[in-house]
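With my numbering applied, the sequence shown corresponds to residues -3 to 382, in that order. From the three backbone atoms N, C-alpha and C, an ideal C-beta is built for every residue, glycine too. All values reported here derive from a predicted model rather than from experimental measurement. The next block holds one structure in the form of structure tokens; read it before the comments.
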Amino acid sequence: MKVVNKEKVLILTGNYGDGHIQVANAMHEAIQIRFPALEPVIFDFMEWVHPYSNQVSRFLYLQGVKKFPQVYGYIYQKTRRANRFSKVMKTVLSTGLGRMKKLIEEVQPSVVVSTFPLAAAVMSKLKSYGLTNVPTVTTITDHTDHSCWIYPFTDQYIVGSNAVRDALINRGVEENRIANTGIPIRQQFSQSFHREEICEKYGLDPQMPTVLVMGGGCGLIGDGSSTIKGFEELPNPVQLIIVCGHNEKLRTQLKEKLKDSKHRIHLTGYINYVHELMAISDLMITKPGGVTTFEAIAMELPMLLYKPIPGQEEDNAKFLVRTGVAIQATTDRDLTNQLSKILSNPNLLQQMKENAKQFHPKESAFASVEVLIQVPVTAHILSIGQ
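What follows is the structure, encoded as structure tokens:
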């Protein structure tokens, strides 16, 4: 039997928030479906390049964002545009050339895709030193731009909207190096669903107004249980599906504090069937992570945004509100008031659903892999012409 060695696509990601990994998985899945002759290979960039310090640095990052969000926001804004500070930050963070070169030599990919900004930084530096000539693609996982994503030796950028494309052009990136495909999302968010079947599957009431509450992998929404407790002031009972992620402490608190709630409460931890819960929900309350919100757009699920982290989540919130797929609340009381207002206004909900259709998100993963398989060909033609 003849063994066929497939051309490989190396996808670099990072476990600093679920979004980077979800985009990597979406592209992996789309390559397998659309281009079975290729072999997608996913590596956690930080785990590979910094195996001894990765867990510590990830913990410090997540704790910093959680406990000192204003500091994170300050650094984010200071490094938004290319300047002396951002250049120093890039130099400090783009380490690990030796380990990255070794990975490329072992995998021998025809193209490298980065869904994590530090991976894009190291790939660009490797190319600048002449240590590799592998074509590189960067997939930006938020509805915004930032200098941490932009590097001179990146061959192609994949972005989620015309707004991000235009922002990159304003930063000097050539238009032909930018493809607006939408943020790649997994195919499970492009399926058709039957509300009654899903409700029966999870013991939910298909007749009640249903609100999905999500706070990312850490399950954080506002001030936690006190924020959710404020929903008792809603005039009519609703069905609340609250996804607590890895935050078991929050789940335990909510289970106790909401046991006498007038609402129908469904609590979960970290799950892999968010697409089903989105399909049966009338509205989602969430922090504005780039990938989660694009998944909601694909499901035509209106959003109520709350407590974005200073930085990319604030940028995401502005974009989502501006495009009419979301409304933002500023305080716990405002969150409850906005929730009541939206649920009592079916025309508003329908308009938000209609606004979501402008993004054509259901094909985003396939569109993105169509772009990346062209990059090696284009890069080869350009090298011949140089």
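_So the candidates are 310, 223, 282 and 180; which of them puts its Cα closest to the Cα of residue 27?_
180
*Below 6 Å CB to CB, which residues in the same chain sit around residue 215 once its five sequence neighbours on both sides are set aside?*
With a pLDDT of 48 at residue 215, under the threshold of 50, the predicted position of this residue should be treated as unreliable, though the coordinate-derived value follows. Excluding sequence neighbours, residue 215 sits near 240, 241, 243 and 246.
_Residue of 211, 185, 188 and 236 minimising C-alpha distance to residue 200_ = 236
*Answer with buried or exposed for residue 36, where buried requires no fewer than 16 other C-beta atoms within 10 angstroms of its C-beta.*
It counts as buried.
*Run of the beta strand (DSSP E) containing residue 324, from where it starts to where it stops*: 322 to 325
*On the DSSP bridge assignment, give the partners of residue 407 in chain order.*
Because residue 407 is not part of the residues shown, which for the chain are -3 to 382, the question remains open.
_residue 44 versus residue 232: straight-line alpha-carbon distance, rounded_ = Between residue 44 and residue 232, the C-alpha separation is close to 51 Å.
*In chain order, what residues of the same chain lie with their CB nearer than 6 Å to the CB of residue 371, ignoring the 5 residues before and after it?*
107, 131, 133, 151 and 152
*Helix, strand or coil: how does DSSP classify residue 369 here?*
In the three-state reduction of the DSSP assignment, residue 369 falls in the helix class.
*Leaving out five residues on either side along the sequence, give the residues of the same chain with a beta carbon under 8 Å from the beta carbon of residue 61.*
Excluding sequence neighbours, residue 61 sits near 68 and 305.
*Along the beta strand (DSSP E) that carries residue 288, what are the first and last residues, could you check?*
Not the beta strand (DSSP E): residue 288 falls in the alpha helix (DSSP H), residues 286 to 294.
_Cβ shell of residue 92 (< 7 Å), same chain only, five flanking positions each side left out_ = Here the set comprises 45, 46 and 118.
_I'd like the ranges of any beta strand (DSSP E) spanning at least 3 consecutive residues and lying wholly in the stretch 218 to 267._
235 to 239 and 260 to 264
*Shortest alpha-carbon distance to residue 275 belongs to which of 293, 9 and 319?*
293
*If you draw a straight line from the C-alpha of residue 270 to the C-alpha of residue 99, how long is it?*
33 Å
*Taking only the alpha-carbon atoms, compute the straight-line gap between residue 317 and residue 101 and give it to the nearest angstrom.*
45 Å
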